[in-house]
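Asker: If you scroll down you'll find the structure; I have some questions about it.
Numbering (my numbering), first residue to last: 1177 to 1551.
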């Protein structure tokens, strides 16, 4: 018994030491975050919202940097929304715009940089993980839940592009998320393993890719795979041209955005190719709105995710599950005439964000969806 007690005391001491050490590490990481206080977004600040920089910690010990938007002149405990995406972008781009627009409509909104990107912590940079990225969303919910001006029972999320799939994964895991919007979504685990339109859904192709990435880990694990192709080839597909127009031109370029610059580490998203993280979305009981552009090259991913979520089966999903126990609060919205990148910022009639705004993002529809389901 005495020996057992000594072991327990030793373990208790180790735990206390770890807690102290972790707290010191967190403080050090907070000090290392170089948060830009000046307004450096690719969109103007609305006069109808308040804005401030904030940080919060994930369960992996990473510190995320975020922009908190609150509506001016509105008091009491409000519904709140956490926003992230597109994958490889920063909060100064599309996610910040979505958050600000939701704050204009009466919500508290938090746009955050994911782990290892933007102003958030994590080394080496430009790295991703299905688990860590899902935790990023859940940690954002933690942060919002603890704010005095937020009703912790009325929290939703918005995921854009690759973060649409991550938002669905978070909603399937975290029942505190009462409403989810996924906009122009990618299923990163599907494209990483199968290629676009499942054109590379072959064991041999996947194995060749695994061998290449596995060798890269020893040859040069810090090598970058590049962001959006630049210069733009004349024969590039239209969706690549659209990415270029958003990320590289003044329309959406930002110096901290991976997509605008060096992209990702070549091995930085290796884990996504073996993951299928939307397996349980057919069990999401909370409200979900899947929004996609009519002309988006990625539309098939959003439609398939919606049908699998509701019916338990869909084209491109090799598993068949049970139909959703609560299908009536699930919506599929196809925006007429919109391309993939039009739903980043609403789109423009001319290149480089010039000409007239097309205003293709239905902000009031998103607000009414959250108002209905965050009550």
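Cβ coordinates follow ideal geometry from the N, Cα and C atoms, glycine included.
Which residues bound the alpha helix (DSSP H) around residue 1380?
Answerer: Within the chain shown, residue 1380 is the residue found at index 204, counting from 1. Counting along the chain, the alpha helix (DSSP H) containing residue 1380 begins and ends at 1379 to 1395.
Asker: Can you tell me which of the three DSSP states residue 1233 falls into?
Answerer: Numbered from 1 along the chain shown, position 57 holds the residue referred to as residue 1233. Strand, per DSSP.
Asker: Name the DSSP bridge partner or partners of residue 1224?
Answerer: For the purposes of this step, residue 1224 is taken as the residue at position 48 of the chain shown. None; residue 1224 has no bridge partner.
Asker: Helix, strand or coil: which one does DSSP assign to residue 1520?
Answerer: Here residue 1520 refers to the residue found at position 344 of the chain shown. In the structure shown, residue 1520 sits in a helix (DSSP, three-state: H, G or I).
Asker: Within 10 angstroms of its Cβ, does residue 1204 collect 16 or more other Cβ (buried), or is it exposed?
Answerer: Along the chain shown, one-based indexing puts residue 1204 at 28. Below a pLDDT of 50, predicted positions are generally treated as unreliable, and residue 1204, at 39, falls in that range; the measurement from the model is reported next regardless. By the neighbour-count rule (16 or more Cβ atoms within 10 Å), residue 1204 is not buried but exposed.
Asker: By Cβ distance below 6 Å, which residues in the same chain neighbour residue 1442 in space, the five residues on each side in sequence not counted?
Answerer: For this step, residue 1442 is matched to residue 266 along the chain shown. If you ignore the 5 residues before and after residue 1442, its C-beta comes within less than 6 Å of the C-beta of 1392, 1399 and 1401, all in its own chain and listed in chain order.
Asker: Which value, in whole angstroms, describes the spacing of the CA atoms of residue 1298 and residue 1385?
Answerer: What you label residue 1298 is simply residue 122 of the chain shown in a count that begins at 1. What you label residue 1385 is simply residue 209 of the chain shown in a count that begins at 1. The alpha-carbon atoms of residue 1298 and residue 1385 are separated by roughly 26 Å.
Asker: Would you kindly work out how many angstroms separate the C-alpha atoms of residue 1460 and residue 1300, rounded to a whole number?
Answerer: Looking up residue 1460 in the chain shown gives position 284. Looking up residue 1300 in the chain shown gives position 124. As the crow flies, the alpha-carbon of residue 1460 is around 33 Å from that of residue 1300.
Asker: Do you know how far the Cα of residue 1226 is from the Cα of residue 1246?
Answerer: By one-based count along the chain shown, residue 1246 stands at place 70. By one-based count along the chain shown, residue 1226 stands at place 50. Between residue 1246 and residue 1226, the C-alpha separation is close to 5 Å.
Asker: What would DSSP say about residue 1413, mapped onto helix, strand or coil?
Answerer: Along the chain shown, read from residue 1 onward, the residue named residue 1413 stands at position 237. If DSSP states are grouped into helix, strand and coil, residue 1413 belongs with coil.
Asker: Using CA coordinates, which residue listed in 1234, 1253, 1228 and 1237 is at the minimum distance from residue 1243?
Answerer: As a working mapping, residue 1243 is identified with position 67 in the chain shown. The residue with the shortest Cα to Cα distance from residue 1243 is 1228.
Asker: Looking only at its chain, what residues have a beta carbon closer than 7 Å to the beta carbon of residue 1473, apart from the 5 residues adjacent to it on each side?
Answerer: Numbered from 1 along the chain shown, position 297 holds the residue referred to as residue 1473. Apart from sequence neighbours up to five positions away, the residues of its chain that approach residue 1473 with a beta-carbon distance below 7 Å are 1415 and 1516, ordered along the chain.
Asker: Buried or exposed: residue 1373, going by 16 or more other Cβ atoms within 10 Å of its Cβ?
Answerer: Within the chain shown, the letter at position 197 stands for residue 1373. So residue 1373 ends up on the exposed side.
Asker: In the DSSP assignment, find the unbroken alpha helix (DSSP H) run with residue 1507 in it and report its ends.
Answerer: Position 331 of the chain shown, counting from 1, holds the residue named residue 1507. For residue 1507, there is no enclosing alpha helix (DSSP H); the residue is found in the beta strand (DSSP E) stretching over 1506 to 1511.
Asker: Pair every Cβ in the stretch 1280 to 1290 with every Cβ in the stretch 1252 to 1261, then say whether three or more of these pairs are closer than 8 Å.
Answerer: yes
Asker: Tell me residue 1468's beta-bridge partners as DSSP assigns them.
Answerer: The residue you call residue 1468 lines up with position 292 of the chain shown. DSSP lists 1510 as partners of residue 1468.
Asker: The alpha helix (DSSP H) spanning residue 1306 covers which residue range?
Answerer: Counted from its first residue, the chain shown places residue 1306 at position 130. Residue 1306 -> alpha helix (DSSP H) spans 1306 to 1321.
Asker: Residue 1496 to residue 1456, Cα distance in whole Å?
Answerer: Residue numbering aside, residue 1496 sits at position 320 when the chain shown is read from its first letter. Residue numbering aside, residue 1456 sits at position 280 when the chain shown is read from its first letter. Rounded to whole angstroms, residue 1496 and residue 1456 show a C-alpha spacing of 11 Å.
Asker: Using DSSP's beta-bridge definition, name the partner residues of residue 1286.
Answerer: Here residue 1286 refers to the residue found at position 110 when the chain shown is read from its first residue. In the DSSP output, where bridge partners are listed per residue, residue 1286 has 1244 and 1258.
Asker: Does DSSP classify residue 1487 as helix, strand or coil?
Answerer: For the purposes of this step, residue 1487 is identified with residue 311 of the chain shown, where counting begins at 1. DSSP places residue 1487 in helix when its eight states are reduced to three.
Asker: Report the CB separation of residue 1295 from residue 1211 in whole angstroms; it is logged as a contact under 8 Å.
Answerer: Residue 1295 sits at position 119 when you count from the first residue of the chain shown. Residue 1211 sits at position 35 when you count from the first residue of the chain shown. Between residue 1295 and residue 1211 a beta carbon distance of about 6 Å is seen, short of the 8 Å cut, so the two are scored as contacting.
Asker: Count the other CB atoms, across all protein chains shown, that sit within 10 Å of the CB of residue 1525; report buried if there are 16 or more and exposed otherwise.
Answerer: Here residue 1525 is taken as the residue at index 349 of the chain shown, counted from 1. When all chains shown are included, residue 1525 counts as exposed.
Asker: Looking only at its chain, what residues have a beta carbon closer than 6 Å to the beta carbon of residue 1451, apart from the 5 residues adjacent to it on each side?
Answerer: Residue 1451 sits at position 275 when you count from the first residue of the chain shown. Excluding residues up to 5 positions away in sequence, 1306 and 1365 lie with their Cβ nearer than 6 Å to the Cβ of residue 1451 in the same chain.
Asker: Below 7 Å between beta carbons: does that hold for residue 1453 and residue 1345?
Answerer: Taking the first residue of the chain shown as position 1, residue 1453 is located at position 277. Taking the first residue of the chain shown as position 1, residue 1345 is located at position 169. Cβ distance < 7 Å, so residue 1453 and residue 1345 count as in contact.
Asker: In this structure, does DSSP put residue 1474 in helix, strand or coil?
Answerer: Within the chain shown, residue 1474 is the residue found at index 298, counting from 1. Three-state DSSP puts residue 1474 in coil, outside helix and strand.
Asker: Assuming residue 1540 is part of the alpha helix (DSSP H), what are its boundary residues?
Answerer: Counted from its first residue, the chain shown places residue 1540 at position 364. Residues 1539 to 1549.
Asker: For residue 1273, which option in 1334, 1480, 1315 and 1292 has the closest C-alpha, if you only look at C-alpha atoms?
Answerer: The residue you call residue 1273 lines up with position 97 of the chain shown. Checking every option, the nearest Cα to that of residue 1273 belongs to 1334.
Asker: Tell me, which residues are paired with residue 1356 by DSSP?
Answerer: Locating residue 1356 in the chain shown gives position 180, counting from the first residue. Its beta-bridge partners are 1333 and 1464.
Asker: Three or more C-beta pairs under 8 Å: does that hold for the stretch 1522 to 1540 against the stretch 1485 to 1503?
Answerer: no
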